[in-house]
Structure formats: C-alpha cells, structure tokens
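Below: the structure, in structure tokens.
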Amino acid sequence: MRPLLLFILLLTWSGVVGQEKPLAVPGNSSEPTARQSDRQTVGDTSGTYRPQGQNRPGMPHLSQSQPNPSTRQRIPMPKRTPATMAVLIFFSAALGAVLFITLFTIGQYLLNRDAPFGWYAFYLMATAIWLWQSTPVGFNSTQQPSDPPVFFVYMKLLVYGMIVSYIRFLSYLLEVPKQHPRLDRWTRYFVRFVAVSALVILAELYIWQSIYAYRVINVLNYASLVVLMISILRLRHPLKRYALAGLALLLSGGITAVLLNALGPKTPEQLGQMPLFYVVVNLLLEILCFSLALGRRFQLNKEEKIQTQQQLIQQLEENGRLQQTHAVELEYQLNQRTQEIQEQSRLLEQQHIRQLESEFEQKLADTEMTALRAQMNPHFIFNCL
Numbered sequence: 440m441r442p443l444l445l446f447i448l449l450l451t452w453s454g455v456v457g458q459e460k461p462l463a464v465p466g467n468s469s470e471p472t473a474r475q476s477d478r479q480t481v482g483d484t485s486g487t488y489r490p491q492g493q494n495r496p497g498m499p500h501l502s503q504s505q506p507n508p509s510t511r512q513r514i515p516m517p518k519r520t521p522a523t524m525a526v527l528i529f530f531s532a533a534l535g536a537v538l539f540i541t542l543f544t545i546g547q548y549l550l551n552r553d554a555p556f557g558w559y560a561f562y563l564m565a566t567a568i569w570l571w572q573s574t575p576v577g578f579n580s581t582q583q584p585s586d587p588p589v590f591f592v593y594m595k596l597l598v599y600g601m602i603v604s605y606i607r608f609l610s611y612l613l614e615v616p617k618q619h620p621r622l623d624r625w626t627r628y629f630v631r632f633v634a635v636s637a638l639v640i641l642a643e644l645y646i647w648q649s650i651y652a653y654r655v656i657n658v659l660n661y662a663s664l665v666v667l668m669i670s671i672l673r674l675r676h677p678l679k680r681y682a683l684a685g686l687a688l689l690l691s692g693g694i695t696a697v698l699l700n701a702l703g704p705k706t707p708e709q710l711g712q713m714p715l716f717y718v719v720v721n722l723l724l725e726i727l728c729f730s731l732a733l734g735r736r737f738q739l740n741k742e743e744k745i746q747t748q749q750q751l752i753q754q755l756e757e758n759g760r761l762q763q764t765h766a767v768e769l770e771y772q773l774n775q776r777t778q779e780i781q782e783q784s785r786l787l788e789q790q791h792i793r794q795l796e797s798e799f800e801q802k803l804a805d806t807e808m809t810a811l812r813a814q815m816n817p818h819f820i821f822n823c824l
C-alpha cells in the first residue's frame with residue numbers, strides 16, 4: 440500500500456509542477472491572449488513546448504506547428520508600468536529567497552553531512568532553476584529558447600529531478616529507512632521507476648506523437664494527493680504534520696492555478712490574478728514549512744541526545760549503586776565465610792585437644808596397669824616358693 444502511495448506522490452508532484460507555464464510580464468503586447476493560447480494547444484496546461492506531428496487514430500487534432508529550432512525570436516521588453524514592476528519585484532524576491540535558503544541548506548549539509556539537508560538542498564536548487572525558467576524574471580526578459588523541443592526535455596528532466604529529491608527528502612525526514620525498512624526498499628525501486636516513467640513520457644510525446652500518458656498522469660494527480668495525505672496521517676512521527684502542511688500547500692497552489700488557467704485570462708494585468716503567483720506563494724510557504732520541519736528535527740535530535748545523555752548518566756549511577764551493593768554483599772559474604780572458617784578451626788582445635796587428652800589418659804592407664812603388674816610379680820613368686 441505504501442509503495443503505491445509513493446507512486447501517487449510522484450504523479451501528483453509531476454502534475455502540479457508541470458501545470459505551470461512561463462507567464463509574460465503584464466504590459467507585453469507581443470504575447471498572445473488567453474483565447475489565442477487556448478487555440479494553440481489542446482489539453483496543454485504546462486506552458487512548455489510540446490512537439491506536434493501527424494495525427495493518428497484516436498489522437499486529438501493539434502493545430503500548433505512545430506517552431507523552427509534554428510531561429511531565435513527576441514521578445515520585446517515590457518513597458519515600465521506599476522503592474523510590471525510589481526510582477527518583476529515579486530518574482531525576483533521569490534527567486535532570491537529560494538536561492539538564500541538553498542545556500543543556507545547547502546552550508547548545513549556541509550557542516551552536518553545529514554542526508555535530509557542534502558536532498559533538501561538538491562530540491563531547492565532544482566526549484567530555483569525551475570523558478571528562473573518559469574517566471575518572467577528569467578524567460579520573458581531575454582529570448583525564447585532556440586530549440587523548444589530540447590528546452591521541453593530540459594524542463595521535464597528538471598521536474599523529475601525535483602520529484603526524486605522531494606521523495607527522498609520526505610523519506611529521510613520521516614525516518615522511513617529506520618522505522619520502515621521495507622517501505623524504504625520500495626522507495627528506492629520507485630526512484631528507478633521515476634527514470635523509466637520519464638523516458639516513457641518523452642517517448643510518448645516525441646516518438647509516438649501522443650499526449651495520452653501526460654493526460655492520464657494529470658488526471659491522477661490531485662485525487663492521489665488526498666490519498667497520500669490520509670496515509671501520512673497514519674504514520675507515527677512527530678514531523679508528519681509538517682509533511683501534511685507542505686502537501687496541502689502544494690495541492691492548494693496547483694488547484695488555484697488550474698482554476699485560474701481555465702476561467703481567467705492567461706496574462707492578467709494584476710499580480711493577484713496570475714496563476715503562477717499562487718503557485719510561487721504556496722511554493723514559498725511549502726519551503727518555509729519544510730525549513731521549519733528541519734529546524735524541528737534538529738531540536739528533536741538535540742532533545743534526544745540530551746535524553747540519551749541523561750539516561751547514560753542514570754545508567755552510570757545505577758551501575759555505581761549496583762557495584763556498591765555488590766561490594767557490600769561481597770564483604771558480608773567474606774565476613775560470614777571467615778566466621779565459618781574460624782568456627783571450623785575452633786572445633787578442629789577442640790577435637791584435637793580432646794583427642795590428646797584421651798590419648799594421655801590411655802597412656803596413664805597403661806602405665807598404672809604396668810606398675811600394678813610390677814608390684815604383683817614379687818609377691819606371686821614368694822608365695823609360690
């Protein structure tokens with residue numbers, strides 16, 4: 440059951456992260472409108488390039504043609520408006536915050552060599568790169584990618600790197616290798632499955648020219664995340680609340696972005712109407728939640744060390760008391776044994792004295808008998824004569 444839930448987590452994260460697209464800065468008139476973007480792709484909410492080819496039976500008609508990889512299209516810089524500045528300031532601040540937490544986590548890993556910090560640092564680095572490529576700070580201020588298919592592959596591999604690091608981080612955060620060795624073994628198998636599934640999705644999009652696998656994954660995303668949250672509730676770990684909070688933030692941000700993509704314009708003028716805004720806000724809250732979880736984990740480890748030291752001191756004191764009690768018992772037994780030996784020696788000495796007295800009395804009796812015999816011999820001879 441739990442390996443299946445980890446598989447569901449992969450599907451959820453790939454769908455939520457893949458749902459978002461590079462959005463243009465408000466005020467850029469060269470970007471297509473929401474309806475134009477909807478007409479360009481069918482069922483695509485990722486915002487990244489998807490190759491199109493000849494239709495096959497059972498495949499929906501896709502009207503967007505593949506861009507020419509050899510051309511580079513420069514995007515005009517947006518006008519300096521209050522809305523534009525608000526967007527750039529917000530996404531720049533978000534990217535800076537993620538980079539700062541990344542450097543801090545890398546430093547913690549280099550100092551402690553703790554596995555959760557390493558996986559969390561890798562996850563933050565992948566998130567920072569994804570933010571740079573997905574937000575207006577990194578994309579719309581320079582150029583479009585010269586090779587959209589390669590850029591799409593690059594973004595998908597980046598997302599799958601985030602998936603692997605996210606799963607391994609949660610595994611070490613909840614101490615799955617110690618408490619659930621079997622689940623940890625399935626998690627390692629699941630990481631291998633991530634690599635295979637990435638190749639399958641890329642082959643489905645580029646070789647067979649279909650998006651069925653991508654759509655199936657997106658359908659399973661949010662329902663599976665609810666099941667995963669319920670399964671985490673069954674775990675007995677003090678940090679499971681932080682994991683639940685992070686998954687809830689991930690779910691709410693993804694659902695909000697999907698609803699805004701479906702109902703609202705794709706490039707609104709207001710920052711609060713941008714789908715990517717809610718994704719980034721929830722992502723920052725999720726990073727804050729997991730940072731607090733790592734801090735709480737450090738505190739729990741410190742308390743565990745203090746408790747272990749106290750138990751060690753109590754054990755040493757108990758050992759001292761046992762040694763003292765054992766010494767008293769040994770001394771008592773030694774005294775008792777000494778008294779027994781002394782008593783036996785006294786009895787032996789008395790027995791030896793009685794034996795000597797008996798021998799002396801026997802010798803005295805023999806001497807008296809000899810004297811009597813000596814006295815009787817002359818009278819007996821005289822009487823005989």
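Residue 446 in the working numbering is what sits at position 7 of the sequence shown, and the numbering runs on without skipping anything.
The C-beta atom is built at its ideal place from N, Cα and C for all residues, glycine as well.
Rounded to whole angstroms, what is the Cα-Cα separation between residue i and residue j?
i	j	result
residue 772	residue 800	42 Å
residue 718	residue 739	31 Å
residue 811	residue 822	17 Å
residue 524	residue 698	25 Å
residue 734	residue 720	21 Å
residue 615	residue 598	23 Å
residue 828	residue 758	This structure cannot settle anything about residue 828, because the visible part of the chain is limited to 440 through 824.
residue 531	residue 593	22 Å
residue 767	residue 736	46 Å
residue 786	residue 795	14 Å
residue 624	residue 750	33 Å
residue 565	residue 558	11 Å
residue 797	residue 809	18 Å
residue 471	residue 635	The predicted position of residue 471 is uncertain, since its pLDDT is 37 and thus under 50; no value can be drawn from it.
residue 802	residue 784	27 Å
residue 553	residue 542	15 Å
Please determine, among the options, the residue with the shortest C-alpha to C-alpha distance to residue i.
i	options	result
residue 678	608, 749 and 700	608
residue 534	613, 551, 572 and 733	572
residue 728	612, 530 and 531	612
residue 700	713, 688 and 689	713
residue 569	600, 745, 696 and 631	600
residue 683	732, 638 and 702	732
Are there any heavy atoms of the ligand MN lying less than 8 Å away from the beta-carbon of residue i, as far as the coordinates show?
i	result
residue 680	Among the ligands in the structure shown, none appear at all, so the ligand MN cannot be discussed.
In the DSSP assignment, find the unbroken alpha helix (DSSP H) run with residue i in it and report its ends.
i	result
residue 616	615 to 618
residue 555	554 to 573
residue 675	Per DSSP, residue 675 belongs to no alpha helix (DSSP H) and is neither H nor E.
Leaving out five residues before and five after residue i in sequence, what residues of the same chain have Cβ atoms less than 6 Å from its Cβ?
i	result
residue 547	556
residue 685	725, 728 and 729
residue 781	none
Counting only beta-carbon separations shorter than 9 Å, does residue i have a partner in chain B?
i	result
residue 539	No chain B appears in this structure, which consists of one protein chain only.
Are residue i and residue j close, meaning C-beta to C-beta below 9 Å?
i	j	result
residue 725	residue 693	no
residue 540	residue 730	yes
residue 538	residue 560	no
residue 618	residue 676	yes
residue 536	residue 715	no
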